[in-house]
Amino acid sequence: MYQNLKPSILSALVLAFAGFGDAFLYSVLPVNSEQMGIPVMWIGFLLSINRFIRLFANQFFAFLFDRYGFRTITIIASVLATLTTLVYGVSANLFLWIIARIIWGFCFSALRISSISYSLENKKQGFSLGLNKGIQEPVLL
Numbered sequence: 216m217y218q219n220l221k222p223s224i225l226s227a228l229v230l231a232f233a234g235f236g237d238a239f240l241y242s243v244l245p246v247n248s249e250q251m252g253i254p255v256m257w258i259g260f261l262l263s264i265n266r267f268i269r270l271f272a273n274q275f276f277a278f279l280f281d282r283y284g285f286r287t288i289t290i291i292a293s294v295l296a297t298l299t300t301l302v303y304g305v306s307a308n309l310f311l312w313i314i315a316r317i318i319w320g321f322c323f324s325a326l327r328i329s330s331i332s333y334s335l336e337n338k339k340q341g342f343s344l345g346l347n348k349g350i351q352e353p354v355l356l
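The sequence shown maps to residues 216 to 356 in my numbering.
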């Protein structure tokens, strides 16, 4: 039973771990923007770039997943998500941060769609989707 849940679980774990850097950014950037070399007036823009990118990226990735499958694109998105998170820690260059946030938006879109899609390929879709979301979004008490 659990063997056929493996792709759903793994894709949810990848999305959950990739999201740590992004979630951390929302709490750290507003408080420490000066120390990070990011002007205060750019904080809202930087934090919202990925949401605007995802509006367009979702359709783009639907096409790519149909053409190339989930696995390859998910692996590429995972690697790029890791690299963009590293940029936040090693660079104070505003231009690099903007590029990293754009790439992160594409990565998040790909990872989210693949995570849901892997769950929908399972025979027990409801259980698989619930498990997937439970891994991605743990309840904090």
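Backbone N, C-alpha and C fix where the C-beta goes; we use that ideal spot for every residue, glycine too.
Put N273 into one of helix, strand or coil per three-state DSSP.
helix
Can you tell me where the alpha helix (DSSP H) holding K221 begins and where it ends?
K221 to N247
Which full runs of the alpha helix (DSSP H) of 4+ residues lie inside the stretch 255–318, going along the chain?
258–283 and 285–305
Pairwise C-alpha distance: Y333 and I224:
Between I224 and Y333, the C-alpha separation is close to 9 Å.
Rank I288, N273 and V246 by C-alpha distance to the C-alpha of I258 and give the top, closest one.
Selected option, being the one with the closest Cα: V246.
Could you name the residues of the same chain whose beta carbon sits closer than 7 Å to that of L356, not counting the 5 residues immediately before and after it, in chain order?
Note that L356 scores 42 on pLDDT, short of 50, meaning its location in the model is unreliable; the coordinates nonetheless yield the value given after this. Cβ neighbours of L356 beyond the five flanking positions: none.
In this structure, does DSSP put L356 in helix, strand or coil?
Residue placement at L356 is flagged as unreliable, the pLDDT there being 42, under the threshold of 50; the coordinate-derived value follows with that caveat. DSSP places L356 in coil when its eight states are reduced to three.
Locate the alpha helix (DSSP H) running through K348, then write down its first and last residues.
Q340 to Q351
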